[in-house]
Amino acid sequence: MLGKNKNYTSCVGYNGVPLTEISCVPRAAASQNELPPLVSALKASAEQNAACFHFPGHNRGQAAPSSLTQLIGSKPFLHDLPELPELDNLFSPEGPILEAQKRAARLFGASETWFLVGGSTCGIQAAIMATCSPGDTLILPRNSHISAISSMVLSGALPKYIVPEYDFKWDIAGGITPSQASNNIMICIVLKVHDAIKELEMEGRKAAALLVVSPTYHGICSNLDEICHICHSYNIPVIVDEAHGAHLGFHLELPSSSLSQGADLTVQSTHKVLCALTQSSMLHMQGNLVDRERISRSLQMLQSSSPSYLLLASLDAARAQLSENREAIFDKAIDLALEARSLISKIPGISILEFPSFSGFFRIDPLRFTIGVWQLGLSGFEADDTLCKDFGVVCELVGTKSFTLAFNLGTQRDHVLRLVAGLKHLSETSFHQPVKDEGEDVNHCVRLNDVKMSMSPREAFFATKRKVSIRDSLGEICGELVCPYPPGIPVLIPGEIITEEALNYLLEIRSKGAVITGAADCSLSSFVVCVTQVFFRHLQ
1 MLGKNKNYTS CVGYNGVPLT EISCVPRAAA SQNELPPLVS ALKASAEQNA ACFHFPGHNR
61 GQAAPSSLTQ LIGSKPFLHD LPELPELDNL FSPEGPILEA QKRAARLFGA SETWFLVGGS
121 TCGIQAAIMA TCSPGDTLIL PRNSHISAIS SMVLSGALPK YIVPEYDFKW DIAGGITPSQ
181 ASNNIMICIV LKVHDAIKEL EMEGRKAAAL LVVSPTYHGI CSNLDEICHI CHSYNIPVIV
241 DEAHGAHLGF HLELPSSSLS QGADLTVQST HKVLCALTQS SMLHMQGNLV DRERISRSLQ
301 MLQSSSPSYL LLASLDAARA QLSENREAIF DKAIDLALEA RSLISKIPGI SILEFPSFSG
361 FFRIDPLRFT IGVWQLGLSG FEADDTLCKD FGVVCELVGT KSFTLAFNLG TQRDHVLRLV
421 AGLKHLSETS FHQPVKDEGE DVNHCVRLND VKMSMSPREA FFATKRKVSI RDSLGEICGE
481 LVCPYPPGIP VLIPGEIITE EALNYLLEIR SKGAVITGAA DCSLSSFVVC VTQVFFRHLQ
């Protein structure tokens, strides 16, 4: 912590908050009640005529690199300040950060909120570290973000996977269901939440926590209300990766938020649909199933000791922006989404992912559009390339059969018209081919149902590694996370046995244009595997 400056007062409250609740803040900041608390404090501090002998080295922009100031100006540097006393301390907040987090908690319906400068990744890691100790079991969907895998490495938790619904027609994964679903041929679920809990009970184990991804990248929401009810009946806390859903619940057309459905911990990327700066997120808590002190300790371990106040202030500003017009702020975005849906639905050969595609779930976020182009004989990658180059339309996510668009508060009608024009162009110029029979697709569920774990993710992470050819990797223990996009479900996770089914699937989906993440060799000619004791004996 830097030394106190002379503008720091010991006799003023902050924005009407009693001194018993927060420590004191600068007089200048306290007078700017029209601004969000942390934004106000940052503004006041930046306006000081100070002789600065502290970090960062650009010294409030006086030595900022000209190549960057020509791009973004000098003001970001002026406000790029360190942990000055008047700006509060992220890990022990008493002033404007505490007040900003309290206001966020009230807005989102949490009992407590923590600001994150490491993205939702550090929020997921902290949530799992706060609920799982070494050897504990974490129930989680197979299509969890890579942060869930790193969380198990950090915490020592053991995974109990649930395979989400999978739609072969679209080649995307959905959410998870509370219990047994229907016999819909499009549904393929290996384990459900209740089934997973019961299986663990039969093995003499209890889950320390459940992690749910809702909404998914494609906007598919799980039945969190029932999932939370089941888990809470066993005193199991529910963690929701709501990175793509910070906006949920703020419009009648939007699905309900995870907190309103009973989640214990929720992690949101406030920079995705909401308007905070990239990398800034929030972690919300409610209920008494999770130790809040353990969350704080985990975050202090995971987050930078030099947090960016620009990121923190952007969280406060995004919260204020939402709270100032919470009843109508998404009206324009929803209207544009509905208009786009109406126009696109009339274009031959173009499909839009609708709710019935996943019969086991409540809602699909109307601001997330997944558009299928397989009836045009195109892959999502080919369609995306044309839209980007010829129409300036940039998609959020591209898949083998579709691409996904994210509507937000900044979406303009011109954007929608350019998108529609681009899709009409694709429809008019592309060769129409019959839709491929679903039977030709790889059976993803059979592949995922045959997963065998030989090491925990933590053991595999710290194990000695070696690189082998793909031919020699069969039967070895995978030493890296291999995940194709789409569909975004990890095929190989550190500690699992590499199977022929997994390799065949990876090679096939790569040939279709999918990007393989996590593998050291993106060409898939080799794999990193764990060295076992048997291998050591062979060397001797």
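Read in full-length UniProt numbering, the sequence shown has 146 at position 146, and its numbers run on one by one without any break.
A virtual CB, placed ideally from N, CA and C, is assigned to each residue, including glycine.
Just the Cα atoms here: how many angstroms apart are residue i and residue j?
i	j	result
Cys-275	Thr-137	35 angstroms
Ile-498	Ser-525	14 angstroms
Ala-460	Leu-481	10 angstroms
Val-373	Ser-222	26 angstroms
Ala-383	Pro-141	30 angstroms
Leu-322	Gly-287	24 angstroms
His-232	Lys-192	16 angstroms
Cys-478	Phe-462	12 angstroms
Ser-305	Ala-64	22 angstroms
Ala-89	Gly-475	Here residue 89 turns out to be Asn, not Ala, going by the sequence shown. Going from the Cα of Asn-89 to the Cα of Gly-475 covers about 50 angstroms.
Ile-239	Gly-380	32 angstroms
Lys-467	Tyr-234	43 angstroms
Glu-438	Lys-169	Annotation note: pLDDT 46 at Glu-438 (below 50); position unreliable, coordinate value reported separately. About 6 angstroms.
Asn-143	Lys-198	21 angstroms
Phe-115	Asp-365	25 angstroms
His-194	Asp-331	38 angstroms
Glu-94	Asp-167	49 angstroms
Leu-315	Leu-252	24 angstroms
His-271	Asn-49	32 angstroms
Glu-354	Ile-516	27 angstroms
Please state whether the Cβ-Cβ distance between residue i and residue j is less than 8 angstroms.
i	j	result
Arg-510	Pro-484	yes
Ala-454	Glu-500	Checking the displayed sequence, the identity of residue 454 turns out to be Ser instead of Ala. No. Outside cutoff.
Thr-400	Gly-513	yes
Val-273	Ile-124	no
Ile-146	Ile-162	no
Cys-228	Gly-262	yes
Phe-407	Ala-320	no
Pro-457	Val-213	no
Ser-345	Ile-334	no
Thr-411	Phe-369	no
Pro-96	Ala-41	yes
Ala-126	Leu-299	yes
Ser-430	Leu-376	yes
Ala-46	Val-290	no
residue 541	Val-529	This structure cannot speak to residue 541, because the chain is shown only from 1 to 540.
Leu-378	Leu-419	no
Ala-209	Cys-132	yes
Ala-148	Leu-211	yes
Arg-294	Met-285	no
Gly-245	Ser-260	no
Leu-503	Ile-470	yes
Ser-269	Gly-119	yes
Leu-35	Gly-61	no
Exposed or buried, which one is residue i when buried takes at least 16 other CB atoms within 10 Å?
i	result
Cys-522	exposed
Glu-242	buried
Arg-103	buried
Leu-38	buried
Gly-73	exposed
Met-282	buried
Val-394	exposed
Glu-86	buried
Arg-106	exposed
Arg-413	exposed
Leu-254	buried
Since residue i is in the alpha helix (DSSP H), which residue starts that stretch and which ends it?
i	result
Val-193	193–202
Phe-108	96–108
His-229	224–232
His-145	It is not in any alpha helix (DSSP H) - His-145 carries neither H nor E in the DSSP assignment.
Asp-316	309–324
Phe-381	380–391
Ser-402	Here Ser-402 belongs to no alpha helix (DSSP H); instead the beta strand (DSSP E) covers 402–406.
Cys-122	119–131
Val-420	413–429
Thr-69	66–72
At what residues does the beta strand (DSSP E) containing residue i begin and finish?
i	result
Pro-348	From DSSP, Pro-348 is part of no beta strand (DSSP E); its letter is neither H nor E.
Ala-209	207–213
Gln-268	265–268
Arg-294	Careful: Arg-294 lies outside any beta strand (DSSP E), inside the alpha helix (DSSP H) at 292–302.
Tyr-161	158–162
Lys-467	465–469
Leu-140	137–141
Taking CB distances under 8 angstroms as the criterion, tell me whether residue i reaches chain C.
i	result
Ser-280	Of the protein chains in this structure there is only one, and it is not chain C.
Worksheet item: Would you call the region 153–165 and the region 386–402 touching, i.e. three or more CB-CB distances under 8 angstroms?
Response: no
Review point. Would you call the region 63–80 and the region 109–117 in contact, with 3 or more CB pairs under 8 angstroms?
Key: no
| query | Are the region 300–310 and the region 81–94 touching, with three or more C-beta to C-beta distances below 8 angstroms? | reply | yes
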